[in-house]
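Using our numbering, the final residue of the sequence shown is 80, and nothing's skipped along the way.
The beta-carbon is built from N, C-alpha and C at its ideal position, and this holds for glycine as well.
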Amino acid sequence: MKIYYCREKDEYAGLFVVAETRGLAKKIFANEVDCHFTDVRTEIRRRHVPEFKGRCLYPDVEEDQATLERYCLEYDEYEG
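Put into structure tokens, the structure is as follows:
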């Protein structure tokens with residue numbers, strides 16, 4: 001699995017997404033924020049992470065926060 005940072009086209013804020021491929025990350029993010037698949041932009045942040053479930057990582061969810069800390073990722077004031 002990989003961790004991607006996904007955002008909508010022309011937006012700075014977004015979410016970290018755990019997914020096997022870029023396409024799956026875009027699909028998960030598009031479904032979560034209700035936007036069109038082709039409007040999602042991605043940046044890979046971590047490769048080969050031993051996660052088993054594709055999902056969005058939220059900073060205010062305890063389990064997700066632990067995952068973000070484990071991979072030294074954090075949202076800044078301008079990101080999601």
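{"Query": "Option in Gly-54, Arg-45, Val-33, Glu-51 with minimal Cα separation from Glu-74", "Result": "Arg-45"}
{"Query": "Rounded C-alpha distance that separates Lys-2 from Thr-67", "Result": "12 Å"}
{"Query": "Segment limits, beta strand (DSSP E) that includes Lys-2", "Result": "2-8"}
{"Query": "Length of the line joining the Cα atoms of Thr-42 and Glu-62", "Result": "24 Å"}
{"Query": "Residue-chain proximity (Lys-53, chain D), Cβ-Cβ < 8 Å", "Result": "The structure shown has no chain D; it contains just one protein chain."}
{"Query": "Whole-angstrom C-beta distance between Ala-30 and Val-18, which should lie under 8 Å", "Result": "Going by Cβ atoms, the distance from Val-18 to Ala-30 rounds to 15 Å, so no, they are not a contact pair."}
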